[in-house]
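J.: The following block contains the structure, expressed as structure tokens.
Protein chains in written order, with this note's numbering: chain A, 1 to 299; chain B, 300 to 689.
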């Protein structure tokens, strides 16, 4: 039995300066706009989840992750596992912004022959760590990576983005039991707690609360944060890094469809993009004006 | 080729739609619609029918059942493995559960639970696999289930049904509800031609001849059977080749007699299915032939690869599943029947590979040619679909 608690002790300071925060927030709103443009070109795909997770993906790719977009297979990169593969549009746009591939590829989402598949595929797009879509298996793969990193004394960390709906799947809890037993402190699960799934709200379909207590009872460190606040999320990651004997679950309370008021909190926007025309124009207008709170000179 | 048959052409007794080859008049509906309708109808006659669904109520079309019989609908959330075994429990207490999800998750994810708690237990559970085949299109390989026929037909006690259009799916759903014991019913998301009618004969375990011909037999199942009919028509018009077309809607128990008759009377077989060419319909036909009347055979199906994102028709074409490729397979099987030499890799496979490359280049080139300035292209940002006026 390897001594898994004596792994690397590398911790990167994540302190977020106001100036950096402002640039990240601006980046997030550009990314939301690109997301809508891309989804409408594709004509299918998921809207609510990706919009809700834009802030977290910007925080991850532009502040938290140790990675090199020009060398996506660099051995010591942090691993970002996307378990709920259907929100891949936000990963794709953020990766394009980070320089993993040219932005023009966003025109090809879901088209025949594109590396940007409807659900992300490891074999087709460098930088996508795992193929996902079917829910519940990302946490197990994350745990497998994290366990191996400790085994081999590697400095990199594992972040696993998961949806709240996929907590219905038993495999998630099998993975969390393993993470709890093996003190995988290098592994951080990020739950997109947006309270919706395909058929309705999570609490109607299969109630999850009290969620914090569930995770704690699995011997995990739990941090709750506002998922649409970059600062709050980064603070939550800092707190995860600060715990050296347990894996951390960050429950990020996000607003599905964030930034486009007619989509916010509505499970019907889980799996479709806005239709081209007034619907998409309204979405872009809302994103640019913070839902009408900012008016431009041209208006 | 000389017409060597007394009888060739469409089988009038199959009562296919009149507008069979009239593209404009032919109706298109998803097979899942037939499942939804059949389920409500079956539920009316049998109060023991319950429906379990894993967070896909609308898209698997069990919403109508939920609305009609709310107390016989069970929402499972995203837990297909548990769903299969909970259904087995309910069946042991006297219910007839239909479990409904996408085929990639059920039976894809919960295969072992189905094997032990449904098939080995021999419980009265009906597995309904929606969104099967590559015609799910843009969702990509993770959701394009093409291994389900193979993994379900090798399971003892399990019966496997692959209906060809929405009307037949409705009939199959009603038939399955009359059967006792484990069943797997496979259907698809996309609209496909409705080419059978209410009068078209349908009986569990009995294949139906939709077209007569004695040069070769095309055995198909699922919506691609329509492509088989198109190919047969094309071969008849252009080359005078008369194909028998058989609808093998029940993969298990398979109609051995229909396969043996086809082998004896036509001497050459082509199978057509929207699933891995290995193990599925092609598997059962090849096994049957090898054990009875070995004749030459070709397979049209997914060629040992995963699907990928794309428009459903494009993906079907790129993987070589449409009528022109079926015609190429028919040509090859005839050459082999005549004892002529043929290339090692079938022409329908190489032609599809070439077509796929060309299609993908064209499609990506078209999309990239519209790249806006903000993404490094030359078109104004306002030319994006999302920004154009209605």
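Note that beta-carbon positions come from the ideal geometry of N, C-alpha and C, so glycine has one too.
Computed from a prediction, not measured in an experiment: that's the story for all the values here.
If I'm right that residue 91(A) touches residue 145(A) with Cβ under 8 Å, what's the distance once you round it to whole angstroms?
T.: So it is not a contact: roughly 17 Å between Cβ atoms.
J.: Taking buried to mean at least 16 other C-beta atoms within 10 Å of its own C-beta, is residue 74(A) buried or exposed?
T.: Under this definition residue 74(A) is an exposed residue.
J.: Shortest alpha-carbon distance to residue 505(B) belongs to which of 313(B), 306(B) and 307(B)?
T.: Per the Cα distances, 313(B).
J.: What residue range does the alpha helix (DSSP H) around residue 81(A) cover?
T.: Run containing residue 81(A): none in the alpha helix (DSSP H); it sits in the beta strand (DSSP E), 79-82.
J.: From this set, 338(B), 307(B), 521(B) and 605(B), which residue's C-alpha is nearest residue 121(A)'s C-alpha?
T.: Of the listed residues, the one whose Cα sits closest to residue 121(A) is 605(B).
J.: Please state whether DSSP places residue 98(A) in a helix, a strand or coil.
T.: Three-state result, residue 98(A): helix.
J.: By how many angstroms is the C-alpha of residue 96(A) removed from the C-alpha of residue 678(B)?
T.: Their backbone Cα atoms lie some 19 Å apart in a straight line.
J.: Please list, in chain order, the residues of the segment 418-450 of chain B that have any C-beta partner in chain A closer than 9 Å.
T.: The segment 418-450 of chain B vs chain A, Cβ under 9 Å: 435, 436, 437, 438, 439, 440, 441 and 442.
J.: Does the segment 22-36 of chain A come into contact with the segment 56-68 of chain A, if we say contact requires no fewer than three beta-carbon pairs (one atom in each stretch) closer than 8 Å?
T.: Taking 8 Å as the limit for Cβ pairs, the verdict is that the segment 56-68 of chain A does touch the segment 22-36 of chain A.
J.: Taking the runs of the alpha helix (DSSP H) that are 4 residues or longer, which of them lie wholly in the segment 442-517 of chain B?
T.: Here the runs fully enclosed are 447-452 and 465-477.
J.: Cβ of residue 684(B) less than 8 Å from any chain A Cβ?
T.: Yes, because at least one Cβ of chain A sits closer than 8 Å to the Cβ of residue 684(B).
J.: Using a beta-carbon distance below 8 Å, is residue 53(A) in contact with chain B?
T.: Chain B contact via Cβ: absent.
J.: Residues of the segment 642-661 of chain B in Cβ contact with chain A at a cutoff of 7 Å, in chain order, please.
T.: For the segment 642-661 of chain B, which is checked against every Cβ of chain A, the residues closer than 7 Å are 658 and 659.
J.: Give the single residue among 452(B), 614(B) and 515(B) whose Cα lies nearest to the Cα of residue 637(B).
T.: Per the Cα distances, 515(B).
J.: Give me the subset of the segment 385-407 of chain B whose CB atoms are less than 7 Å from a CB atom of chain A, sorted by chain position.
T.: Correct list: 403 and 404.
J.: So with CB distances below 9 Å, who are the chain B contacts of residue 281(A)?
T.: Within 9 Å Cβ-Cβ: 685, 686, 687, 688 and 689.
J.: Using CA coordinates, which residue listed in 579(B), 343(B) and 643(B) is at the minimum distance from residue 694(B)?
T.: There is simply no residue 694(B) to check, as chain B begins at 300 and stops at 689 in what is shown.
J.: In angstroms with no decimal places, state the Cα-to-Cα distance between residue 414(B) and residue 32(A).
T.: Residue 414(B) and residue 32(A): Cα-Cα distance of roughly 45 Å.
J.: Specify the secondary structure class of residue 235(A) as computed by DSSP and reduced to three states.
T.: Helix.
J.: Quick check on DSSP: helix, strand or coil for residue 114(A)?
T.: It is coil, neither helix nor strand.
J.: Please list, in chain order, all residues of the same chain as residue 1(A) whose beta carbon is under 6 Å from its beta carbon, the five residues on each side excluded.
T.: At residue 1(A), the pLDDT of 44 sits below 50, so the modelled position is not reliable and the matter cannot be decided from this model.
J.: Which residues in the same chain have their Cβ closer than 8 Å to the Cβ of residue 9(A), if we skip the five residues on either side of it in sequence?
T.: At residue 9(A) the pLDDT is 44, less than 50, meaning the model places this residue with poor confidence; the figure from the coordinates comes in the next sentence. Only 244 meet the Cβ criterion.
J.: Can you look up residue 1(A) in the DSSP assignment and give me helix, strand or coil?
T.: Because the pLDDT of residue 1(A) is 44, which lies under 50, any placement of that residue in the model is unreliable, and the number read from its coordinates should be weighed accordingly. In this structure, residue 1(A) counts as coil in the three-state DSSP scheme.
J.: To the nearest angstrom, how far is the alpha carbon of residue 308(B) from that of residue 275(A)?
T.: Spanning the two alpha carbons is a distance of roughly 45 Å.
J.: So which residues of chain B does residue 114(A) contact, with C-beta pairs closer than 9 Å?
T.: In chain order: 607, 608, 609, 659, 662, 663 and 666.
J.: Any residues in the segment 341-361 of chain B with a beta carbon nearer than 7 Å to a beta carbon of chain A? Which ones, in chain order?
T.: Flagged, chain order: 354, 355 and 356.
J.: Could you say if the segment 406-413 of chain B and the segment 449-469 of chain B meet the contact criterion of at least three C-beta pairs nearer than 8 Å?
T.: Taking 8 Å as the limit for Cβ pairs, the verdict is that the segment 449-469 of chain B does touch the segment 406-413 of chain B.
J.: Check the Cβ-Cβ distances between residue 42(A) and every residue of chain B, and say whether any is below 8 Å.
T.: Yes, because at least one Cβ of chain B sits closer than 8 Å to the Cβ of residue 42(A).
J.: When we look at the beta-carbon of residue 262(A) and count the other beta-carbons within 10 Å, is it buried (16 or more) or exposed?
T.: When all chains shown are included, residue 262(A) counts as exposed.
J.: Run the CB neighbour count on residue 317(B), radius 10 Å, all protein chains shown included, and call it buried at 16 or more, exposed below.
T.: So residue 317(B) ends up on the exposed side.
J.: Label residue 548(B) either buried or exposed according to how many other C-beta atoms from any shown protein chain fall within 10 Å of its C-beta, with 16 as the threshold for buried.
T.: Per the 10 Å Cβ criterion, buried.
J.: Step through the CB atoms of chain A and report whether any lies within less than 8 Å of the CB of residue 675(B).
T.: At least one chain A Cβ lies under 8 Å of residue 675(B).
J.: Anyone know if the C-beta pair for residue 619(B) and residue 651(B) falls short of 8 Å?
T.: Contact: yes.
J.: Going along chain B, which residues have a C-beta under 7 Å from residue 106(A)?
T.: Near residue 106(A) (Cβ distances below 7 Å), the residues of chain B are 674.
J.: Which chain A residues are close to residue 566(B), counting only those with a beta carbon under 9 Å from its beta carbon?
T.: None at all; the shortest Cβ gap to chain A is about 38 Å.
J.: Against chain B, which members of the segment 206-228 of chain A pass a CB distance test of less than 8 Å?
T.: Listed by position along the chain: 206.
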